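Heads up, the sequence shown is in numbering that gives the first Met the number 0, so the first residue is 0 and it goes up one at a time.
Positions of the beta carbon are idealized from the N, C-alpha and C atoms, including for glycine.
A quick note: this is a predicted structure, and the numbers were derived from the prediction, not measured.
As C-alpha cells, the structure follows; a few thoughts come after it.
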Amino acid sequence: MRFSSDIQDLVSRREKGKSLEAPFYNAPEILKLDVEAIFNQHWIFVAVEPELPEPGDCITVEVGRASILLLRGDDMEIRAFHNVCRHRGAKLIDERATTIGNIVCRYHGWTYNEDGDLILAEHMGAGFDKSCHGLKAVHIRSIAGLIFICLADEAPKDIDEMARVMTPYIAPHDIANCKVAFTSDLIEEGNWKLTMENNRECYHCEANHPQLTVPLSEFGFGFSPDEMDERRSEDVKKYTNAVENDHKRWESCGLPSAEEDHLSDVTGFRTMRLPLMWEGESQTLDTKVASKKLLGKFTDPKLGGLSFWTHPNSWHHFMSDHIVTFSVLPLSADRTLVRTTWLVHKDAIEGEDYNLDNLTQVWKMTNQQDADLVRLAQLGSEQPSYEPGPYSSFTEPHVEAFCDWYIARMKQHLAKGKSGAATK
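Dropping the structure here:
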C-alpha cells in the first residue's frame, strides 16, 4: 500500500516532547491508517476470561471494520475467529454476548465446531472439501485472565516478555475465580489517541477528579518538586514514604510491587502497585473495600492498587476486593469506545457482599469527567489556531512515551508500505 506524502511528512516531522499535529486527531485518513498500522498489527486488550465463564459462551468485539468472535470451548480454552462465514461472508454472531453449541450461520446453515472447522455445508456436492473452508483464526493470548488478540498474520513475539513480567503481578488477584459485576460502554467524543493521552497523566486530576483523588494520590503520577509549597511538600514526603514502606510489606507477602516500565517495547506496557489513601483498601469514596469477599487468597484488604497500562488501548486497576479493566477502541476519527468492566469474587453476592453503586461510583464518575475533557481536547484540535504544545517532563512523561511509541510504530508501518510499493 502506498501512503500520501502528507502523512509521511506528518509522521517524520513530529517534535518530541510536544502533542501531535492536528490531523493525527481529526483526519479520517489517519484514523484509517491507525486501524491498519496499530489495531490490526499489535496485541490489543479486548476482554477478561470471566466474560466467558462456561463452555459455549461467546462474545464479539469490533476492531475497526473487523468483527471478532471469542468462544470458550468444551476444553475450557478460549479461541478467537473472524466473525465471517466462509460461504458468502455473512456475519455469524450478531450479539455482543451469547451462548452457543456449534457456530451456525443463520443464512444457509453452514456449521463450524469450536476449532473453527467447517463440519456441515449442505448442497455443496460430493467433491466439496470442507477442510478448505474453516473459519479464519485470530491470535489470542490470555495473561492471567486478561485476553489480548492480534489480527496480524504474524503477531509480535514480545508479548511473551509482557506475560513473563506481568503474570506474577496479576495472578494473585485470581481473575479465573472472578465474575463480571458490571460493564459500561461509554462513547467519548474524541480521537482514541486523546483518550489514551488523557489516561497517561494525572496533571489534570486534582482539578477534575474529586472522587478519584480520594483513594488515588496525584503524586503517584509525577510532580514538579520545585513548585511545591510547604503543605504539598509534606504530602509528597508522606506519599513517597508510603510507597517505600508499602512496597516492602507487599513484596514480603509475595506481591510484586515495584515499577516495571517497558513502554518503548513493541508490545509496550508499564505496571506499579500504588498506595491508596486514607483507609487504603480500595478505589471507593470511603477508601474501604467495596466487596467483603476478597480476591484469591487475600486476607489483608490493604494491598494498594496495582496499575497496569498497555499500548495501544488499555489500563487496569487491581485491588484486594475488585478489579477494573478498560479497553479503548476507535469508532471514527472523533469518536472512541471506552469499555469498563468491574470484577468481583465469583462468590460475592450483590446486596450482601457488595453494593453495585459503591463498587462502580468512582470510575463511572471519573470516566465521564475524562470524556468531557477529551471532548474539549478534540474541539481544540479542530481549531485553526491549534498547534502542538509542550508536555510537562514531570507530570506527562507517559503521554510522551505513548506518542513516541505511536510515531515509532507508524514509521515502521510506513516504511514497510514504501518498501512494498518499491518492489512491485
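| Asked | Found |
| --- | --- |
| Among MET409, LEU294, ASP299, PHE307, nearest to HIS321 - alpha-carbon criterion | LEU294 |
| Secondary structure of SER3, DSSP reduced to three states | coil |
| Beta carbon of ARG338 nearer than 8 Å to that of TRP308 | no |
| Boundaries of the alpha helix (DSSP H) in which ARG163 is found, first to last residue | 158-169 |
| Residues near LYS423 by beta carbon distance below 6 Å, same chain, minus five either side | Model confidence at LYS423 stands at a pLDDT of 34, short of 50, so the residue's coordinates are unreliable and nothing is read from them. |
| Rounded straight-line distance, which links the Cα of LYS129 to that of VAL83 | 16 Å |
| Residue range of the unbroken alpha helix (DSSP H) whose run includes ARG374 | 355-380 |
| Proximity of LEU119 and PHE80 at Cβ, strictly below 8 Å | no |
| Segment contact, 8 Å Cβ cut-off, at least three pairs: the region 230-237 with the region 249-262 | no |
| Opposing strand residues paired with GLU187 [DSSP bridges] | THR335 |
| Three-state secondary structure (DSSP) of SER141 | strand |
| Straight-line Cα distance separating GLY219 from ASN240 | 12 Å |
| Three-state class that DSSP yields for ALA420 in the structure shown | Reliability of the predicted coordinates at ALA420 is poor, the pLDDT of 44 falling under 50, and the value obtained from them is presented with this limitation in mind. If DSSP states are grouped into helix, strand and coil, ALA420 belongs with the helices. |
| DSSP bridge partner residues for HIS81 (one or two, in chain order) | ILE67 |
| Whether GLU20 touches THR59 by CB criterion (8 Å) | no |
| Sequence-distant residues of its chain with Cβ nearer than 7 Å to GLY379 (five each side left out) | TYR385 |
| Whole-angstrom distance between SER141 and VAL398, CA atom to CA atom | 26 Å |
| Beta bridge counterpart(s) of PHE271 as assigned by DSSP | The sequence shown places Met at residue 271, not Phe. MET271 is bridged to SER306. |
| Three or more C-beta pairs below 8 Å linking the region 267-287 and the region 296-316 | yes |
| Straight-line Cα distance separating ILE406 from VAL373 | 20 Å |
| Whole-angstrom distance between HIS261 and ASN190, CA atom to CA atom | 24 Å |
| Closest residue to ILE29 among ASP56, MET75, SER4 (Cα-Cα distance) | SER4 |
| Local Cβ density within 10 Å of ARG408, reported as buried at 16 or more and exposed below that | buried |
| Three-state secondary structure (DSSP) of GLU259 | strand |
| Member of ARG78, CYS201, PHE38, LEU358 whose CA lies at the smallest distance from the CA of THR394 | CYS201 |
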